[in-house]
Every structure is written in structure tokens, then in C-alpha cells.
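Chains as they are written, first to last, in this note's numbering: chain A, 2 to 115; chain B, 114 to 227. What follows is a set of notes on a single structure, which appears directly below.
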């Protein structure tokens, strides 16, 4: 069964550094999403992306964040200057046009900012 | 605005006994409702969804949920728990029409004892 994959599984970075979290959505999916879960808190929506544009973004998704689909398979989340409070599990998800209600999630990347 | 409240942070059952995970929702329009499950070190997996069709929805692994508009509830049930059901369960709400951001509850950790 096709799966969403994410790399790396765990990323440790120093405050102020840039990180790029990578996702490979399911191959025929066209809608992409990033969510995050700070330890002990709810899963929160960050951004949705379709047709090479951001469809919707949350208040969390400020200028330090950006998303990109650099090629036909990858979907990335860049955090420009990481802060301690960016430490979280980041989940990528994708949706098929034939099943618009079903978001398929990757296993997540745990980002630790020190 | 939309939100979900999961009424129990932890539920513990014995193998073979029924499971009930409670969820109440708030939505200013017709919601789409979901239950997702997360096993350790795995991504979020869709268990079932309600999208304005039948109010009793069946999902994978014997789970089902009933949409009760009068009670604004969407409780998840299973007649007989298996050890493999031990996981974190998330009640999720979204707007109508598909492709929308998901709004997560805080999660309920289900423990299943022999």
C-alpha cells in the first residue's frame, strides 16, 4: 500500500539554524499539508498546498516558514531561523482528488531545537 | 469556528471488553468528523469518517462511530478490544467539501490489558 514518507525521522538543530523537513507524498496525490504537534499538545494545522500554491495557512505559519514542491515527488517545509519553541513532531499529509476527505499522514519528523 | 473535545485523556480496558472513546464537537456549519489512530512510531491512520451521509459509520478493525447532532457527539466504539488496539486516538473535525484543514482533539490513549 502506498505511504507518505518523511525524512529525517529525527532532526536536532541549534537555535537560529535553518532546517528543511522533507516529505514524499503518495504519488498521485495533489493536495499536501503540514501539521505539527508540540509535546503534550494537540496536533495543529500549519499549511495546505495545491497546484504549487499555498491554499491556506495558520497563524503559526509566519515568515520563518516556507513550503516548496521542488520536483514532482518531494514536498518540503523550511524553517529559516529555528527557535526553541519550534521543537515538535512535524507531520506531512497528502490527499487524493478522488477521496477529498482522506488525508494520509507520514510517520513524522521529530525536530529538536537546542 | 470549529473544535473538538475528547472527554478522556486515558482509557483502560481489558481485552475482549467494549471500547468507548468520547468526543464532542463544536461547529458553526455541517462538520465532517473523523477518528484517527496513531500507533507508536507510526503515522496517523484514518479509522473512519462522517461526511453527512449515514450517521452510523463503520471503520477499519471493527471500530464504528455515531454522529449525533442533537448531542454534538461523535463517540468511537468497538464491541471487543484487542491488544493491538492499544494506541492514541484522535477525534478530528473539518469543514464541508473536502481538502480542508483538520482540527484535532487532544487525543485519548487507549490501554488494553490481558
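Positions of the beta carbon are idealized from the N, C-alpha and C atoms, including for glycine. Remember, predicted model here, so these are calculated numbers, not experimental data.
Assigned secondary structure, residue i (DSSP; H/G/I helix, E/B strand, else coil)
| i | result |
| --- | --- |
| residue 55 of chain A | strand |
| residue 27 of chain A | coil |
| residue 116 of chain B | strand |
| residue 85 of chain A | helix |
| residue 103 of chain A | coil |
| residue 152 of chain B | coil |
| residue 69 of chain A | strand |
| residue 5 of chain A | coil |
| residue 78 of chain A | strand |
| residue 49 of chain A | strand |
| residue 14 of chain A | strand |
First and last residue of the uninterrupted beta strand (DSSP E) at residue i
| i | result |
| --- | --- |
| residue 137 of chain B | 136-139 |
| residue 194 of chain B | No beta strand (DSSP E) holds residue 194 of chain B; DSSP gives it neither H nor E. |
| residue 200 of chain B | 200-207 |
| residue 43 of chain A | Here residue 43 of chain A belongs to no beta strand (DSSP E), and DSSP marks it neither H nor E. |
| residue 37 of chain A | 32-38 |
| residue 221 of chain B | 221-226 |
Assigned exposure category for residue i - 16 Cβ within 10 Å defines buried
| i | result |
| --- | --- |
| residue 63 of chain A | exposed |
| residue 156 of chain B | buried |
| residue 9 of chain A | exposed |
Close-in-space but distant-in-sequence residues of the same chain around residue i (CB under 6 Å, 5 per side omitted)
| i | result |
| --- | --- |
| residue 207 of chain B | 145, 213, 215 |
Residues of its chain near residue i, where Cβ-Cβ distance is below 7 Å and the 5 sequence neighbours each way are ignored
| i | result |
| --- | --- |
| residue 85 of chain A | 16, 114 |
Point to revise | Segments of 3+ residues assigned as beta strand (DSSP E) that fall wholly inside the region 159-183 of chain B | key: 169-171, 177-181
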